[in-house]
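Undergrad: Its first residue numbered 94, the sequence shown is counted upward by one per residue in the numbering used here.
Every residue gets a Cβ at the ideal spot worked out from N, C-alpha and C, and that includes glycine.
Predicted, not measured: the structure shown is a model, and the values here were computed from it.
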Amino acid sequence: MFCSKCGLETPDDSQFCRKCGQAVGAVSNTSAAVLAPSKPKAPLVRWPFMALAALLALFIWFAVGANKSSNPNGPNPIQQLVKQQRTQTLNNPALAVGANRYSYFKLDVPPGATGVQLQGNFTASGGSGNDVEVYVLPETDFVNWQNRHAAKTYYNSGKVTVGNLNLTLPPDAGSYYLVFDNRFSLLSQKSVRLNATLTYYE
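1) Name the residue from 179, 228, 218 and 176 whose alpha carbon lies nearest to the alpha carbon of residue 198.
2) Taking the Cβ atom as the reference point for each residue, do residue 291 and residue 225 lie within a distance shorter than 9 Å?
3) Quick check: the Cα distance between residue 98 and residue 104, rounded to an integer number of angstroms?
4) Please name the residue, chosen from 206, 245 and 273, that lies closest to residue 195 on a Cα-to-Cα basis.
5) DSSP state of residue 277, grouped into three classes?
6) Which one or two residues does DSSP pair with residue 201 in a beta bridge?
7) DSSP has residue 218 in a bridge; who is on the other side?
8) From which residue to which residue does the alpha helix (DSSP H) around residue 181 run?
9) Grab the span of the alpha helix (DSSP H) containing residue 117 for me, first residue to last.
10) Who are the Cβ neighbours of residue 188 in its own chain at under 8 Å, not counting the five residues just before and after it?
11) Once the 5 residues before and after residue 232 are set aside, which same chain residues still bring their CB inside 6 Å of it?
12) Would you say the segment 178-192 touches the segment 240-252, given that touching needs at least three Cβ pairs under 8 Å?
13) Helix, strand or coil for residue 141? Go by DSSP, reduced to three states.
14) Please work out which residues of its chain come closer than 7 Å, Cβ to Cβ, to residue 243, disregarding the five sequence neighbours upstream and downstream, and give them in chain order.
15) Following the continuous alpha helix (DSSP H) through residue 257, name the residue where it begins and the one where it ends.
Following this line, the structure appears as structure tokens:
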């Protein structure tokens, strides 16, 4: 074989030219390839963060889903973290409702409120039946009800002596009216004991 640099003829088993020192055999390339150091692979450090993010997403999805299934209009866990709960107490041990009259509480809910709930109980006494009719209405329907027109109610007790309130009300409705109706009684005044709370997140 001949040296590619100076052209000197060298034996076939030679690795270098005897004149100029140029590598002439294929072995030198192989040796260089074998001796080249390999770069170490970078360790995978991102998988713990990805696993943590997946677990967090799964927790939020489960919590929100469970909350919606039990109370579709109630606050989800995120709302409970970022919003503040407000409570309005309705407590009247002797609310007088005259014969052929009614009494009511106006319940104001601010815009953007969520998880609106009315909970509590009431007891009526007076007259021959110790009874009263209780309604929960939105504002526009309260006006219709006052004028004895058809009205949508979120709660209608019928004539009862004792009743429980456990309502989830739509958000952003403005005002609700909790009405104690004695218009069916022409002579007897009724006394109503009320213990209830209106709560919402704002």
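TA: Let me spell this out:
1) Residue nearest to residue 198 within the set 179, 228, 218 and 176 is 228 (criterion: CA-CA distance).
2) For the 9 Å CB-CB criterion, residue 291 and residue 225 do not form a contact.
3) Roughly 15 Å between the two C-alpha positions.
4) Closest option to residue 195, Cα to Cα, is 273.
5) Residue 277: coil per DSSP, three-state reduction.
6) Answer is 268.
7) In the DSSP secondary-structure assignment, residue 218 is bridged to 284.
8) Here residue 181 belongs to no alpha helix (DSSP H); instead the beta strand (DSSP E) covers 178-190.
9) Taken as a continuous stretch (DSSP letters only), residue 117 belongs to no alpha helix (DSSP H), as it is neither H nor E.
10) Cβ neighbours of residue 188 beyond the five flanking positions: 196, 273, 284, 285, 286 and 287.
11) Here the set comprises 267 and 268.
12) The segment 178-192 vs the segment 240-252: no contact.
13) Three-state result, residue 141: helix.
14) The residues are 237.
15) No alpha helix (DSSP H) contains residue 257, which is instead part of the beta strand (DSSP E) from 255-262.
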